[in-house]
DNA sequence: GCCAATGCGTCAACATTGCTGCCATAATCG
DNA sequence: CGATTATGGCAGCAATGTTGACGCATTGGC
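Residue numbers (my numbering), protein chains in the order written: chain A, 307 to 470; chain B, 307 to 470.
Shown next, in the form of structure tokens:
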């Protein structure tokens, strides 16, 4: 009455399934960032500059503190990156009206052009993946990614262009 | 006969949808790597060391060239990281039997222990997100992530522990 | 109106992680 | 035997993150 073949081990499958998820995340992120990285390198910029340009483009008029909260880096690290972008004319600062201490950030036309150039490939890549996977898959993709985000960051992340 | 309210713009929605995908990817990856990064910092190591430990643990006996192909960095960059891990006793090298030029990599018991410690939180995070999202969502997650990977890398990525 | 807290910037020093370029060794292949 | 492959080492440079300390303007509470 013994089955000679070992029964599929659910624990092993689970481990395998999780590791596949981890690896897919790594591979996808690796290839997702490769294209803009090339463009940035030509300009003497790095991935951090892209992140700043992206989120400032997404939230025009955002203060520095909001950017820090998104990127989760120190203000010294951001300051170096931001300073370079401002000196290079990609980003503009305006003093806050409600609070004059704030520096409200926005892209210059030159910055907006670079943002489009950098994000274009990524948008296309996501669009292709979405189209190929179908609407239900996209929904699942979003659900799982949201679940991967720290619980206390989820609301902020989903707010996106924080109009709300 | 004019509807005073603007019709929902499908192009805008699409753009918004794609940007949300881009951002979810950023946020998820940010939080996904934060935990192991802390542990690594205590040991004087960085994220690159985790990647090496992870993939060597996953593919015991792999040659350096296979690691390079996964990580997509130069051998000089890898050499520094790998050298440190070997000197610190996390990774062991054995000469290849088929090709004596190859250095086949594997984790030492100490390396395997670190791998478990580093990946444990990530596995738990993925497990929680999977459980919360449901099996169909997990399927969609995998489909979309796979679609984000460069076409000529997909097969290799899905091979995982490359037993095949 | 004083005074602490906030928002932001800066200087300095350091480590990690990429890159390019060059050279060396050993083994394998044709 | 000569070319290619697999790997390693060294030098130098840039980007990106860290901690720590300090400065300056503004804001808000008492």
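The C-beta atom is built at its ideal place from N, Cα and C for all residues, glycine as well. This structure is a prediction, so every number in the text was calculated from the model and none was measured.
Any C-beta of chain B under 8 Å from that of residue i
i: residue 337 of chain A; result: yes
i: residue 343 of chain A; result: no
i: residue 380 of chain A; result: no
i: residue 331 of chain A; result: yes
i: residue 326 of chain A; result: yes
i: residue 358 of chain A; result: no
i: residue 438 of chain A; result: yes
i: residue 435 of chain A; result: yes
i: residue 334 of chain A; result: yes
Contact with chain A by residue i, beta-carbon distance below 8 Å
i: residue 398 of chain B; result: no
i: residue 432 of chain B; result: yes
i: residue 404 of chain B; result: no
i: residue 429 of chain B; result: yes
i: residue 354 of chain B; result: no
i: residue 443 of chain B; result: yes
Continuous alpha helix (DSSP H) stretch holding residue i: start and end
i: residue 384 of chain A; result: 381-393
i: residue 401 of chain B; result: Note, residue 401 of chain B: premise wrong, no alpha helix (DSSP H); beta strand (DSSP E) at 397-401.
i: residue 415 of chain B; result: 415-439
i: residue 462 of chain A; result: 460-465
i: residue 375 of chain B; result: 370-377
i: residue 363 of chain A; result: 353-364
Exposure label - residue i; buried when at least 16 CB within 10 Å
i: residue 428 of chain B; result: buried
i: residue 365 of chain A; result: buried
i: residue 502 of chain B; result: The structure shown has nothing for residue 502 of chain B, since chain B only spans 307 to 470.
i: residue 349 of chain A; result: exposed
i: residue 426 of chain B; result: exposed
i: residue 457 of chain A; result: exposed
i: residue 446 of chain B; result: buried
i: residue 449 of chain A; result: buried
i: residue 413 of chain A; result: buried
i: residue 395 of chain B; result: exposed
i: residue 367 of chain A; result: exposed
i: residue 415 of chain B; result: exposed
i: residue 423 of chain B; result: exposed
i: residue 435 of chain A; result: buried
Collapsed DSSP secondary structure at residue i in the structure displayed
i: residue 342 of chain B; result: helix
i: residue 411 of chain B; result: strand
i: residue 469 of chain A; result: Model confidence at residue 469 of chain A stands at a pLDDT of 47, short of 50, so the residue's coordinates are unreliable; what they give is reported in the following sentence. The answer is coil: DSSP assigns residue 469 of chain A none of H, G, I, E or B.
i: residue 337 of chain B; result: helix
i: residue 350 of chain A; result: coil
i: residue 456 of chain A; result: coil
i: residue 446 of chain B; result: helix
i: residue 327 of chain A; result: helix
Residue i, enclosing beta strand (DSSP E) - first and last residue
i: residue 404 of chain B; result: Looking at the DSSP string, residue 404 of chain B is not in any beta strand (DSSP E), and its letter there is neither H nor E.
- For the segment 447-466 of chain B, enumerate the residues whose C-beta is nearer than 7 Å to any C-beta of chain A, in chain order. Hits within the stretch, in order: 447, 448, 449, 450, 451, 452, 453, 454, 455, 456, 459, 463, 466.
- Message: To be precise: take each residue of the segment 362-392 of chain A, compare its Cβ to all Cβ atoms of chain B, and keep it if any distance is under 9 Å. Which residues remain?
- Response: Answer set for the segment 362-392 of chain A: 364, 376, 377, 378.
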